[in-house]
Amino acid sequence: MFASDSVAASRAAAVSPTETHFYSRNGNPTVAAFESAVAELEGAEAARAFASGMGAVSAVVLGLCSSGDHIVAQHQLYGGTSMLLASVCPRFGIDVTLVDGTEPGAFAAAVIPGRTTLVMAETPANPCLDIVDLDALGAIKGPYTVVDSTFATPLGQRPLDHGVDLVLHSATKAMAGHNDATIGVVAGDAELIEWLWSFAVLHGANASPADALNALRGLRTLGVRFERQTSTATRLAEVLEQHHGVTSVRYPGLASHPGHELAMSQMRLTGGLLSFDVVGGSDDAVRFIESLRLARIATSLGGPETLVTHPVSTTHQHLDADERARMGLSVSTVRMSVGLEHPDDIVADVLAALG
Ligand SMILES: Cc1ncc(COP(=O)(O)O)c(C=O)c1O
Numbered sequence: 080m081f082a083s084d085s086v087a088a089s090r091a092a093a094v095s096p097t098e099t100h101f102y103s104r105n106g107n108p109t110v111a112a113f114e115s116a117v118a119e120l121e122g123a124e125a126a127r128a129f130a131s132g133m134g135a136v137s138a139v140v141l142g143l144c145s146s147g148d149h150i151v152a153q154h155q156l157y158g159g160t161s162m163l164l165a166s167v168c169p170r171f172g173i174d175v176t177l178v179d180g181t182e183p184g185a186f187a188a189a190v191i192p193g194r195t196t197l198v199m200a201e202t203p204a205n206p207c208l209d210i211v212d213l214d215a216l217g218a219i220k221g222p223y224t225v226v227d228s229t230f231a232t233p234l235g236q237r238p239l240d241h242g243v244d245l246v247l248h249s250a251t252k253a254m255a256g257h258n259d260a261t262i263g264v265v266a267g268d269a270e271l272i273e274w275l276w277s278f279a280v281l282h283g284a285n286a287s288p289a290d291a292l293n294a295l296r297g298l299r300t301l302g303v304r305f306e307r308q309t310s311t312a313t314r315l316a317e318v319l320e321q322h323h324g325v326t327s328v329r330y331p332g333l334a335s336h337p338g339h340e341l342a343m344s345q346m347r348l349t350g351g352l353l354s355f356d357v358v359g360g361s362d363d364a365v366r367f368i369e370s371l372r373l374a375r376i377a378t379s380l381g382g383p384e385t386l387v388t389h390p391v392s393t394t395h396q397h398l399d400a401d402e403r404a405r406m407g408l409s410v411s412t413v414r415m416s417v418g419l420e421h422p423d424d425i426v427a428d429v430l431a432a433l434g
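Under our numbering, read the sequence shown as residues 80 to 434, first letter to last.
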């Protein structure tokens, strides 16, 4: 609770997007400290934190788009975002066109001048690590452009430097980094964040101070954690690429990744996420996952523990076979989030399970 000295002071505080001592749904000092840290890391004027990554995604979509508007997004998206676009947007009269985010010029070509309000990209994309060209996205004029940069964190890439309007994160993941916070964040120029604030206050998906505190604590070690996860994931990807039990290793740091050159040109660190197909079918992928001893079956990512998922059984189970094929996802795809355990232990665990 924050008390005001006078009614006049409380009246002014009630409508200020930067006020942190009026009411915590509007603004809060601990949440504001997290927002300022993220804005600085992203090179943004301002940021707004949300109750989760999906809180951030839905605030951008519903805060910026109205009935009759059109969104261009990519096939390769986190499952929650793709469900929001497929099931919530039509109910509000918002049309969505999905393109292959890796195809040069695909986003720009799908923009309908005067109708497209938002162009949404995710890079590296969940779960197949597809890379979107940030310069091409930033060059699109007219609609707002937004990048879900969760897999990269602000240390891996800075979309705003490429001319993109907004960058968002599920800070639940590597940014908070300890699997003990659920929080999202959007950063961009002050005017746009102020507009989002006016929607967010009514939307109510504001970040809790306790989560913001954990996320701020996490940001302090993001540098060392993200470098370590990048180096271990690179090593694991190289080992897997040589293994006869695995195909299609997708890691942007590997020269064989179709988006490798682009990733090298726009990313500083390629992060701790990778995906690959286990030889065989769905049962083989499940058997592999359940044979891991160190890596745990869990849907989050970016934290200290190595986590593994079977996307078609979890985050992407709502997609039909065609939609999965369009994003390069198969029944034998496994996604791993490399943690902070000793790299030898992680590699040994994966090799033993493949054996
Ligand atoms: C790329 C991406 N964006 C958004 C989200 C949603 O984040 P949250 O779970 O914090 O709502 C996730 C969750 O896995 C994600 O991977």
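All C-beta atoms in this analysis are idealised placements derived from N, C-alpha and C, irrespective of residue type, glycine included.
Just so you know, these numbers come straight off a predicted model, no measurement behind them.
What did DSSP end up calling residue i once you bin it into helix, strand or coil?
| i | result |
| --- | --- |
| L245 | strand |
| A200 | strand |
| L408 | coil |
| S335 | coil |
| S166 | helix |
| Q236 | coil |
| N285 | strand |
| L301 | helix |
| G44 | This structure cannot speak to residue 44, because the chain is shown only from 80 to 434. |
| S361 | helix |
| M133 | helix |
| T195 | strand |
| D428 | helix |
| Q153 | strand |
Does the distance between the C-beta of residue i and the nearest non-hydrogen atom of ligand 1 fall short of 6 Å?
| i | result |
| --- | --- |
| T229 | yes |
| N205 | yes |
| Y157 | yes |
| S131 | yes |
| T109 | no |
| T251 | yes |
Mind checking which residues open and close the alpha helix (DSSP H) that includes residue i?
| i | result |
| --- | --- |
| H282 | 269 to 282 |
| F186 | 185 to 189 |
| L177 | Run containing L177: none in the alpha helix (DSSP H); it sits in the beta strand (DSSP E), 174 to 178. |
| V110 | 108 to 121 |
Is it right to say residue i is buried, meaning 16 or more other beta carbons lie within 10 angstroms of its own, or is it exposed?
| i | result |
| --- | --- |
| M199 | buried |
| S228 | buried |
| Q321 | exposed |
| M80 | exposed |
| T313 | buried |
| P238 | buried |
| Q153 | buried |
| D423 | exposed |
| T378 | exposed |
| S115 | exposed |
| E121 | buried |
| V140 | buried |
| K220 | exposed |
| P222 | buried |
| D290 | buried |
In whole angstroms, what is the alpha-carbon distance linking residue i and residue j?
| i | j | result |
| --- | --- | --- |
| S287 | I262 | 8 Å |
| D363 | V357 | 7 Å |
| V387 | L156 | 18 Å |
| V303 | Q345 | 20 Å |
| V86 | T99 | 17 Å |
| P203 | V211 | 7 Å |
| P331 | A92 | 46 Å |
| H397 | A231 | 25 Å |
| L315 | V136 | 31 Å |
| T224 | A123 | 14 Å |
| F367 | H339 | 27 Å |
| E402 | H395 | 10 Å |
| R170 | T176 | 15 Å |
| G434 | L333 | 23 Å |
| L319 | V429 | 9 Å |
| H389 | M415 | 9 Å |
Taking the beta strand (DSSP E) that residue i falls in, what are its first and last residues?
| i | result |
| --- | --- |
| V226 | 223 to 227 |
| R329 | 325 to 329 |
| A82 | Where A82 is concerned, there is no enclosing beta strand (DSSP E), given that its DSSP letter is neither H nor E. |
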